[in-house]
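Some notes on the structure that comes next.
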Amino acid sequence: QVESLQNNPSQGLVPREDNAGDIVTEALKPYLVENGGPIVLERVHFAEGRGNIIIKYPGTGKKTTSFLGSHLDVVPANPEVWEVDPFKLTVEGDNLFGRGTTDCLGHVALITDFFCSLAQIKPKLRRSVLGIFIANEENKEVKDIGIDGLNKSGKLDEYNVKEGPVIWVDSADSQPCLGTAGMLTWSIKAKGKLFHSGMPNCAINPLELVMEAVNEVQRRFYLDFPAHPLEKKYNFECPSTMKPTQMECARGSINQIPSNATIMGDCRVNPFIKKEDVQRAIEGYIKDLNENMEKIPTRGVSSKYVLPKENLKGELELVWITEGEDGIACDLESEGNKALTEAIRDVTGSVEPYSISGSLPLVKWMQDNGFDIQIVGFGLGERYHAQNECCSFEKMKDGAKVLANVVARLEMSA
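Count along the sequence shown from 1, add 849, and you get the number used in my numbering.
Following this line, the structure appears as structure tokens:
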């Protein structure tokens, strides 16, 4: 079934999350209200075969404790580069190998089992406990069929998800994740003049121009967006960054100066800076460079970005490859943060909160929509989206204890 959950429509991989959802539903079937149990389960579809699942263990009051973020789709896997079959579960000692074991089907299984235990023990709770498994977390090409659809349709309000903390279970390493970085992906294209490489004085070399331009853009970026004082409080290892990751140019002979060259990269922006501010700044840098092309440093006496006799100038073009997203800084004073922190301390003996300069989709959007988002996960960070992805069975067992401890702690304040 896992092979059918791969999500990358541009590669022809459109997942059918219902294949995972059927397994969840079957596991919970004996405990559903219609079969005499306490569990309410609803499958919510905004696209055929691509359902979300809402699980509710009812309490007596309006408040809730929600475990959200675990998703039913996975990133693609290439069996040719794995040491085991990525689409089958392989058990080696404490390690469970297979695509989705860490991100995020392992968490789906963990939370499903947790609700089975609740249904068996039947504790009397004031807070309702919610588990929400979402479709389409791994790709943004299709809109409004996952958590965004649930919010737009009013389902999250119907289940009172804002009436308590939302523990976003889609992270790793069994510690509270206090924050993530926002991300912007960009390309800077230099347009020059193609010419024979033996006469560089007659050309505008776009490779040299784009490298100098990116160097200057980075210099200005780090002046305008230095390390932020709150990064230390949130345990970020890196400040905001802007760097190239790929380069390409017009194809031709090696003895030709090409007509254009492009450098692509990303900005990882810590959550105390808005992505719009970064975009506005970089757009300003490029505008200034275009207006002052003759001031950009050249490479040797024959390197030129302006050819006055021909009335030609090099040109820089900035493109934002994706719309980007802001990072999140979790509320460190909320009841959700305190419950999660103390639950992990109780179960593991210590707590070491961290933040990452990677990005988690949707969490900032949820926070901006009024949800108290706290982030945790029990997979292995070093195996996220990796070849030979796996999780630790013992870590997942501890994860179940953490969820139970969170419920118990929040119940005391209900």
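Note that the Cβ used here is the ideal one computed from N, Cα and C, for glycine as well.
Nearest C-alpha to methionine 1096 among Lys1042, Val1155 and Trp1035: Trp1035.
Setting aside the 5 residues that flank it on each side, asparagine 1141 has no residue in the same chain whose C-beta is closer than 6 angstroms to its C-beta. DSSP places histidine 894 in the uninterrupted beta strand (DSSP E) bounded by 889-894. Excluding the 5 residues flanking it on each side, serine 1002 has same chain C-beta neighbours closer than 8 angstroms at Val893 and Phe895, in chain order. Isoleucine 1177 sits close to valine 1212, with the two beta carbons spaced by under 8 angstroms.
Within the same chain, Val1255, Arg1258 and Leu1259 come within 6 angstroms of alanine 1188 by CB-CB distance, once the 5 residues on both sides are set aside. Counting only runs of at least 3 residues, the region 1096-1130 fully encloses the following beta strand (DSSP E) elements, listed from N- to C-terminal order: 1109-1118.
Aspartate 1022 and glycine 1230 have their C-alpha atoms some 6 angstroms from each other.
Taking 3 residues as the minimum length, the beta strand (DSSP E) runs contained wholly in the region 1138-1182 are 1164-1169, in order along the chain. With 16 or more other CB atoms across the displayed protein chains lying within 10 angstroms of its CB, histidine 956 is buried. When Gly870, Leu1165, Cys953 and Thr1197 are compared, the shortest CA-CA separation from alanine 1110 is found for Leu1165. Of all C-beta pairs linking the region 1026-1040 to the region 1166-1176, three or more are shorter than 8 angstroms, placing the two stretches in contact. Residue burial annotation: glutamate 1057 is buried, with at least 16 other C-beta atoms found within 10 angstroms of its C-beta. In the DSSP assignment, cysteine 1026 is bridged to Tyr1203 and Ile1224. Rounded to the nearest angstrom, the Cβ distance from valine 1063 to isoleucine 1037 is 6 angstroms, consistent with a contact under 8 angstroms. It is roughly 50 angstroms from the alpha-carbon of tyrosine 1154 to the alpha-carbon of isoleucine 1222. In this chain, tyrosine 1071 is not harboured by any beta strand (DSSP E); it is covered by the alpha helix (DSSP H) spanning 1055-1073. Under the 10 Å beta carbon count, arginine 1100 is surrounded by fewer than 16 other beta carbons and is classified as exposed.
Per DSSP, lysine 1001 is one residue of the alpha helix (DSSP H) stretching across 996-1001. Straight-line measurement puts the Cα of lysine 1244 at about 13 angstroms from the Cα of glycine 942. Using a 10 angstroms sphere on the CB of lysine 1042, the tally of other CB atoms reaches 16 or more, which defines it as buried. Cβ neighbours of asparagine 1009 within its own chain (closer than 8 angstroms, five residues either side excluded): Lys911, Lys912, Thr913 and Ser977. Boundaries of the beta strand (DSSP E) harbouring valine 1015: 1015-1018, taken from the DSSP string.
For valine 930, DSSP assigns no beta-bridge partner whatsoever.
The continuous stretches of alpha helix (DSSP H) do not include valine 882, and DSSP gives it neither H nor E.
As the crow flies, the alpha-carbon of arginine 865 is around 15 angstroms from that of serine 859. Taking a contact as a CB-CB distance under 8 angstroms, the pair serine 915 and leucine 979 counts as one, their CB atoms being some 4 angstroms apart. For histidine 956, there is no enclosing beta strand (DSSP E); the enclosing alpha helix (DSSP H) has its first and last residue at 954-970.
Straight across, the Cα-Cα distance linking glutamate 987 with cysteine 1240 is about 19 angstroms. For glutamate 941, there is no enclosing alpha helix (DSSP H); the enclosing beta strand (DSSP E) covers residues 939-941. In the DSSP assignment, asparagine 1050 falls outside any alpha helix (DSSP H) and carries neither an H nor an E.
The distance from the Cβ of arginine 948 to that of valine 930 is about 12 angstroms, inconsistent with a contact at the 8 angstroms cut-off. Checking the DSSP bridge columns, you'll see isoleucine 904 partnered with Leu890 and Gly980. Alanine 1076 is classed as exposed because its beta carbon has fewer than 16 other beta carbons within 10 Å across all chains shown.
Considering only Gln1105, Asp1217, Gly1185 and Ala1263, the residue with the shortest C-alpha distance to valine 1015 is Gly1185. Arginine 1117 is positioned such that its CB atom lies closer than 8 angstroms to that of serine 1089.
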